[in-house]
Structures are given as C-alpha cells and as structure tokens.
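**Student:**
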Amino acid sequence: MDLRKAMQEIYRVLKPGGVVVFDTISRNFKSYLLVWLVAQELLQVMYNDTHDWRLFITPEEMERLLGDIGFVVGSPKEEWIGMDYEDIPYRIARYVLGGMKDKH
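First residue of the sequence shown: 22, per this note's numbering; consecutive thereafter.
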C-alpha cells in the first residue's frame, strides 16, 4: 500500500472542516518488544505475520506526511473525537494523531 496516496485520497474526499483520526502502533523499541516479539512471536496471541514491525510509522513521520498533504495536524482534541486522549489504553506502544482539513 502506498501510504502517501492513501492519505491524499482521504484528504481529497474529506469535507472542509472534517477530521480524520489515526490510532496505530508506533515503530519504536517498545512496540518491537511488546507487540511484535512478545505478543506475536513468543506468546502467539496473534497469528504470525499479523504485524510487520518494519511497516509501523512513527508519530513524527505521520505528522510530516499529513502536514505535507495539507492537513492541520495535532493531537486529537476532545471536541474532535468525543473522547479524551488519556482514555486510550496501551499508550506505551500506540499513538493517536489527528488531522483536520482546513475549512477554506
């Protein structure tokens, strides 16, 4: 999958003022250890090849990509998604990032 093309298409079809929120696993040592190595490979609580750690994206990479496309980027605000970021579990290996299409 071409992530840039996918995000460009989301931006294209999102109405002005619309918000898109991403919840994903970050590519860092903690996610490698907890999600891939322990959960998937050792404990086998997921099917093999459920996650390819090399394809995970860091928050910085996602922010840069969304900003380049034209999104107003930031942490999801409660008014965007109806929940507080503190309510989101597993913040060690996951992150939530939001982007809003400018109203103009």
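We put the CB at the ideal spot given by N, CA and C, even for glycine.
On a predicted model such as this, the values are computed, not experimentally measured, just so you know.
1) Can you have a look at G120 and say buried or exposed, based on whether 16 or more other CB atoms are within 10 angstroms of its CB?
2) Give the straight-line distance between the Cα atoms of A27 and D44, rounded to the nearest whole angstrom.
3) Assign G120 to one of three DSSP states: helix, strand, or coil.
4) Which runs of the beta strand (DSSP E) at least 3 residues long sit entirely within the region 75-99? Give them in chain order.
5) Going by alpha carbons, who is nearest to F92 out of K124, M22, S52?
6) Straight-line CA distance for V34 to R25?
7) Since V41 sits in a beta bridge, which residues does DSSP pair it with?
8) Measure the alpha-carbon distance for V59 versus R75 and round it to whole angstroms.
9) How many angstroms separate the CA atom of I102 from the CA atom of Y53?
**Tutor:** Reading from the atomic positions:
1) With 16 or more other Cβ atoms inside 10 Å of its own Cβ, G120 counts as buried.
2) 15 Å
3) strand
4) Counting only runs of 3+ residues, the beta strand (DSSP E) found wholly inside the region 75-99 occupies 93-95, in chain order.
5) K124
6) Roughly 14 Å between the two C-alpha positions.
7) G120
8) 16 Å
9) Here the model assigns I102 a pLDDT of 48, short of 50, so the residue's position is not dependable, and the following value carries that caveat. C-alpha separation (whole angstroms): 28 Å.
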